[in-house]
Amino acid sequence: MLSFIKAESFKLSKKLKSWLGPLLVMVLVLIAFPLSIDISQYDLDKFYFSIIIVSLLMTAFVATEGMFEEDFEDGSLEQEFLKEKDFYKLVISKIFVYVCLIGIPIAFIGALFSFANGVAVDSFGKVFLLLILSNLLLFNLFAFGNALSINKGAMLGVLSSLPLALPVIILLGRAIRSIQYEDGFFAVTTLMVGIGLMVSAIMPLIISVALKTHID
Amino acid sequence: MLLLGWIWGLLFAPQDAVQGNSYRIIFLHVPSVIFAELIYFFMAVCALMHLVWRVKLAAYLIKSAAPIGAMITFIGLFSGSIWGIPTWGTWWQWDARITSTLILFIMYLGVLTLHGSFSNLEKADRLMSILVIIGVVNIPIIKKSVDWWSTLHQPASISVSGSSSIDPSMLYPLLISIIGLGFTLISLGILSSRSYILSREKNKKWVLMHV
Numbered sequence: 257m258l259s260f261i262k263a264e265s266f267k268l269s270k271k272l273k274s275w276l277g278p279l280l281v282m283v284l285v286l287i288a289f290p291l292s293i294d295i296s297q298y299d300l301d302k303f304y305f306s307i308i309i310v311s312l313l314m315t316a317f318v319a320t321e322g323m324f325e326e327d328f329e330d331g332s333l334e335q336e337f338l339k340e341k342d343f344y345k346l347v348i349s350k351i352f353v354y355v356c357l358i359g360i361p362i363a364f365i366g367a368l369f370s371f372a373n374g375v376a377v378d379s380f381g382k383v384f385l386l387l388i389l390s391n392l393l394l395f396n397l398f399a400f401g402n403a404l405s406i407n408k409g410a411m412l413g414v415l416s417s418l419p420l421a422l423p424v425i426i427l428l429g430r431a432i433r434s435i436q437y438e439d440g441f442f443a444v445t446t447l448m449v450g451i452g453l454m455v456s457a458i459m460p461l462i463i464s465v466a467l468k469t470h471i472d
Numbered sequence: 004m005l006l007l008g009w010i011w012g013l014l015f016a017p018q019d020a021v022q023g024n025s026y027r028i029i030f031l032h033v034p035s036v037i038f039a040e041l042i043y044f045f046m047a048v049c050a051l052m053h054l055v056w057r058v059k060l061a062a063y064l065i066k067s068a069a070p071i072g073a074m075i076t077f078i079g080l081f082s083g084s085i086w087g088i089p090t091w092g093t094w095w096q097w098d099a100r101i102t103s104t105l106i107l108f109i110m111y112l113g114v115l116t117l118h119g120s121f122s123n124l125e126k127a128d129r130l131m132s133i134l135v136i137i138g139v140v141n142i143p144i145i146k147k148s149v150d151w152w153s154t155l156h157q158p159a160s161i162s163v164s165g166s167s168s169i170d171p172s173m174l175y176p177l178l179i180s181i182i183g184l185g186f187t188l189i190s191l192g193i194l195s196s197r198s199y200i201l202s203r204e205k206n207k208k209w210v211l212m213h214v
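So the sequences go chain by chain: A and B. Just so you know, we're using my numbering here: the first sequence kicks off at 257 and counts up by one. Just so you know, we're using my numbering here: the second sequence kicks off at 4 and counts up by one.
Take a look at the structure:
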């Protein structure tokens with residue numbers, strides 16, 4: 257497993273566009289949106305979280321775009337299949353690396369921007385945690401979308417998996433409200449951790465089956 | 004049967020005390036959304052059969068049911084939208100029930116698009132089945148959305164286990180409409196799956212013998 261993680265980290269760190277692109281998209285949206293509309297700071301403080309949530313969705317999509325495409329095209333997936341007969345380890349390592357190298361920095365940027373828009377300093381950790389959990393869920397879902405449409409373009413993948421991401425967005429919205437109104441944060445976070453663990457365990461299995469279908 | 008339900012509901016059922024005649028759209032709206040969910044559930048069962056037991060016919064049924072499901076979900080959304088104008092004063096509301104039903108509609112389109120994008124149909128069948136199974140998570144969300152969130156959409160008026168909050172003079176034509184639409188959709192499904200099976204198996208010996 258460690259060797260998979262090492263290999264995937266190395267591969268991702270070499271692909272500058274893959275990890276820097278999503279971070280730049282996140283920063284760009286978070287800066288450009290308030291500038292592009294004439295709005296008071298008071299109004300912005302109220303709904304800035306919505307912008308963060310939508311940015312998160314967009315960046316997760318951009319980050320996972322072509323997650324398996326290169327491996328499929330250069331034959332790595334096929335080799336892996338011949339060696340291991342399964343993609344579970346590969347998928348779980350890939351998602352782990354993507355969450356660590358892209359998801360956590362994105363969550364940090366999101367939390368930083370929320371801090372700059374009226375969120376209390378002591379809530380920074382809560383927002384950061386929620387954004388990491390959301391990224392974990394979104395990366396799993398979009399990885400599934402990409403595995404379905406591995407060589408058919410990202411739009412098909414997003415069309416297939418976006419409806420599944422919307423419940424995550426709804427849950428995140430509720431969690432954010434729990435921070436804003438200081439009520440029920442622990443319950444919502446526990447729910448998200450539970451769902452996150454379940455999705456992280458089950459989704460790689462399903463992605464693995466989808467990838468096998470392409471290789472067969 | 005569907006016509007009987009509609010004629011009874013539209014012409015002979017009494018007016019609603021609050022909504023007047025506008026409530027009559029339930030005879031189209033309620034059956035449509037019920038079957039929008041049921042068809043997806045049926046597809047999920049077929050998808051499971053296809054993936055676990057490799058039943059080819061199950062995949063054909065999914066492919067045949069998906070356009071019907073998409074159509075009926077669209078009718079449900081559209082009729083709800085028309086009903087929204089006199090009751091809520093708006094065509095659309097980002098309410099949990101309506102949004103989750105819209106997601107179901109997008110799921111149907113996703114399933115169809117995914118299947119259509121592969122030239123290898125066996126591969127397309129399997130990937131479509133995986134997507135259908137994952138998408139079934141949306142069904143309990145639709146069902147429970149009116150309980151989990153404070154929504155503008157009213158909770159269910161008809162209950163299988165408990166008592167219904169709708170008057171029998173309106174309930175009976177509604178039930179007939181639901182059963183009637185069910186039969187209509189089953190007939191449509193049979194016709195659609197028959198032609199799809201024939202098109203998929205057109206080079207097989209048994210088809211050539213029959214045609």
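Idealized CB from N, CA, C, for every residue including glycine. Keep in mind that this is a model prediction, so the values were computed, not measured.
Exercise. Are any of the Cβ atoms in chain A nearer than 8 angstroms to that of B/Val140?
Worked result: Position 137 of the second sequence, counting from 1, holds the residue named residue 140 of chain B. Output row for B/Val140: interface = yes.
Exercise. Are B/Ser196 and B/Tyr63 close, meaning C-beta to C-beta below 8 angstroms?
Worked result: On the second sequence, residue 196 of chain B is found 193 positions in, with the first residue counted as 1. On the second sequence, residue 63 of chain B is found 60 positions in, with the first residue counted as 1. Contact check for B/Ser196 against B/Tyr63 passes: the beta carbons are separated by less than 8 angstroms.
Exercise. Opposite B/Gly23 in the DSSP bridges: which residues?
Worked result: Within the second sequence, residue 23 of chain B is the residue found at index 20, counting from 1. Looking at the DSSP assignment, B/Gly23 forms a beta bridge with B/Asp19.
Exercise. Hey, how far is the Cα of A/Phe442 from the Cα of A/Ala421?
Worked result: For the purposes of this step, residue 442 of chain A is taken as the residue at position 186 of the first sequence. For the purposes of this step, residue 421 of chain A is taken as the residue at position 165 of the first sequence. Looking at the two C-alpha atoms, the distance is approximately 22 angstroms.
Exercise. Can a CB atom of chain A be found closer than 8 angstroms to the CB of B/Met46?
Worked result: On the second sequence, position 43 is the one that residue 46 of chain B refers to. Chain A contact via Cβ: absent.
Exercise. In chain A, what lies closer than 9 angstroms to B/Lys66 by C-beta?
Worked result: Position 63 of the second sequence, counting from 1, holds the residue named residue 66 of chain B. Against chain A, the beta carbon of B/Lys66 has no neighbour under 9 angstroms; the closest one sits roughly 15 angstroms away.
Problem set entry | DSSP three-state assignment for B/Trp91, whether helix, strand or coil | By one-based count along the second sequence, residue 91 of chain B stands at place 88. Helix.
Exercise. If you scan the stretch 430–464 of chain A from start to end, which runs of the beta strand (DSSP E) of 3 or more residues do you find wholly inside it?
Worked result: none
For this session: Using three-state DSSP, classify A/Asn396 as helix, strand or coil.
Result: Counted from its first residue, the first sequence places residue 396 of chain A at position 140. Reduced to three states, the DSSP call for A/Asn396 is helix.
Exercise. Taking just the CA atoms, how far does B/Gly183 sit from A/Phe398?
Worked result: Looking up residue 398 of chain A in the first sequence gives position 142. Looking up residue 183 of chain B in the second sequence gives position 180. When rounded, the distance between both Cα atoms is 40 angstroms.
Exercise. Between which two residues does the alpha helix (DSSP H) containing A/Lys345 stretch?
Worked result: Position 89 of the first sequence, counted from the start, is the residue given in the question as residue 345 of chain A. Residues 344–354.
Exercise. Out of curiosity, what's the CA-to-CA distance linking A/Ile351 and A/Ile307?
Worked result: The residue you call residue 351 of chain A lines up with position 95 of the first sequence. The residue you call residue 307 of chain A lines up with position 51 of the first sequence. Using only the alpha carbons, I get a separation of about 24 angstroms.
For this session: With distances taken Cα to Cα, identify the nearest neighbour of A/Ile287 among A/Ser265, A/Leu368, A/Pro361, A/Glu336.
Result: The count along the first sequence starts at 1 and reaches residue 287 of chain A at position 31. For A/Ile287, the nearest C-alpha among the options comes from A/Leu368.
For this session: Can you give me, in chain order, the residues of the stretch 113–128 of chain B that have a beta carbon less than 7 angstroms from any beta carbon in chain D?
Result: Looking for chain D here will not work: the only protein chains present are A and B.
For this session: Determine whether the Cβ of B/Ile144 lies closer than 8 angstroms to any Cβ atom of chain A.
Result: The residue you call residue 144 of chain B lines up with position 141 of the second sequence. So, interface residue.
Exercise. Roughly how many angstroms lie between the CA atoms of A/Met257 and A/Ile293, to the nearest whole one?
Worked result: For the purposes of this step, residue 257 of chain A is taken as the residue at position 1 of the first sequence. For the purposes of this step, residue 293 of chain A is taken as the residue at position 37 of the first sequence. Going from the Cα of A/Met257 to the Cα of A/Ile293 covers about 47 angstroms.
Exercise. With 16 other CB atoms within 10 Å as the buried threshold, where does A/Val465 fall?
Worked result: Taking the first residue of the first sequence as 1, we reach residue 465 of chain A at position 209. A/Val465 should be labelled buried.
Problem set entry | At least three beta-carbon pairs within less than 8 angstroms, the stretch 74–83 of chain B to the stretch 374–393 of chain A | Fewer than three Cβ pairs drawn from the stretch 74–83 of chain B and the stretch 374–393 of chain A lie within less than 8 angstroms of each other, which leaves the two stretches out of contact.
Exercise. For B/His32 versus B/Asp98, is the C-beta spacing smaller than 8 angstroms?
Worked result: Position 29 of the second sequence, counted from the first residue, corresponds to residue 32 of chain B. Position 95 of the second sequence, counted from the first residue, corresponds to residue 98 of chain B. Not a contact, by the Cβ cut-off of 8 angstroms.
For this session: Counting only the same chain and skipping the five closest in sequence on each side, list residues whose C-beta sits under 7 angstroms from that of B/Phe108.
Result: Position 105 of the second sequence, counted from the start, is the residue given in the question as residue 108 of chain B. Contacts found: Ala73, Thr76, Phe77, Leu80.
For this session: Go to B/Leu130, then tell me how far its alpha helix (DSSP H) extends in each direction, as first and last residue.
Result: The count along the second sequence starts at 1 and reaches residue 130 of chain B at position 127. Its alpha helix (DSSP H) spans residues 124–138.
Exercise. Quick one: does B/Leu75 have its CB under 8 angstroms from some CB of chain A?
Worked result: Walking along the second sequence from the start, residue 75 of chain B turns up at place 72. The sequence as given places Ile at residue 75 of chain B; Leu does not occur at that position. For B/Ile75, the answer is no, since every Cβ of chain A falls outside 8 angstroms of its Cβ.
Problem set entry | Start-end ranges of the alpha helix (DSSP H) lying completely within the stretch 161–203 of chain B, minimum 4 residues | Restricting attention to alpha helix (DSSP H) runs no shorter than 4 residues, the stretch 161–203 of chain B encloses them at 171–203, ordered along the chain.
Exercise. Does any CB atom of chain B fall closer than 8 angstroms to the CB of A/Pro361?
Worked result: The residue you call residue 361 of chain A lines up with position 105 of the first sequence. No, A/Pro361 does not count as interfacial toward chain B.
For this session: Compare the beta carbon distance of A/Val455 and A/Asn391 with 8 angstroms and say whether it is the shorter of the two.
Result: The residue you call residue 455 of chain A lines up with position 199 of the first sequence. The residue you call residue 391 of chain A lines up with position 135 of the first sequence. It is not a contact, given that the beta carbons lie outside the stated cut-off.
Problem set entry | Beta-carbon contacts of A/Ser416 that lie in its chain and below 7 angstroms, excluding the five residues immediately before and after | Position 160 of the first sequence, counted from the first residue, corresponds to residue 416 of chain A. Within the same chain, A/Ser416 has close Cβ partners Gly401, Leu404, Ser405.
Problem set entry | Interface partners of B/Leu109 on chain A, CB under 8 angstroms | Here the question's residue 109 of chain B lines up with position 106 in the second sequence. The identity of residue 109 of chain B in the sequence shown is Ile, whereas the question assumes Leu. What B/Ile109 touches in chain A: Leu415, Leu418, Pro419.
Exercise. Just to confirm, are B/Thr104 and B/Ala39 a CB contact at a threshold of 8 angstroms?
Worked result: Position 101 of the second sequence, counted from the start, is the residue given in the question as residue 104 of chain B. Position 36 of the second sequence, counted from the start, is the residue given in the question as residue 39 of chain B. Result yes, Cβ atoms of B/Thr104 and B/Ala39 sit closer than 8 angstroms.
Problem set entry | Contact list for B/Leu130 against chain A, beta-carbon separation under 7 angstroms | Residue 130 of chain B sits at position 127 when you count from the first residue of the second sequence. Going along chain A in sequence order, the residues near B/Leu130 (Cβ under 7 angstroms) are Leu404, Ala466, Thr469.
Problem set entry | Endpoints, alpha helix (DSSP H) assigned at A/Met282 | Taking the first residue of the first sequence as 1, we reach residue 282 of chain A at position 26. Element bounds for A/Met282: 272–292.
Exercise. Tell me which same chain residues have a C-beta within less than 6 angstroms of the C-beta of A/Tyr475, skipping the five on either side of it?
Worked result: Residue coverage of chain A in this structure runs from 257 to 472, which leaves residue 475 of chain A outside it and unanswerable.
For this session: State yes or no: is the beta carbon of B/Ile42 nearer than 8 angstroms to at least one beta carbon in chain A?
Result: Position 39 of the second sequence, counted from the start, is the residue given in the question as residue 42 of chain B. Taking Cβ atoms only, chain A never reaches closer than 8 angstroms to B/Ile42, which makes this a no.
For this session: Report the rounded CA-to-CA distance for B/Ile136 versus B/Ser168, giving the unit in angstroms.
Result: In the second sequence, counting from the first residue as 1, residue 136 of chain B sits at position 133. In the second sequence, counting from the first residue as 1, residue 168 of chain B sits at position 165. In a straight line, the C-alpha of B/Ile136 is about 33 angstroms away from that of B/Ser168.
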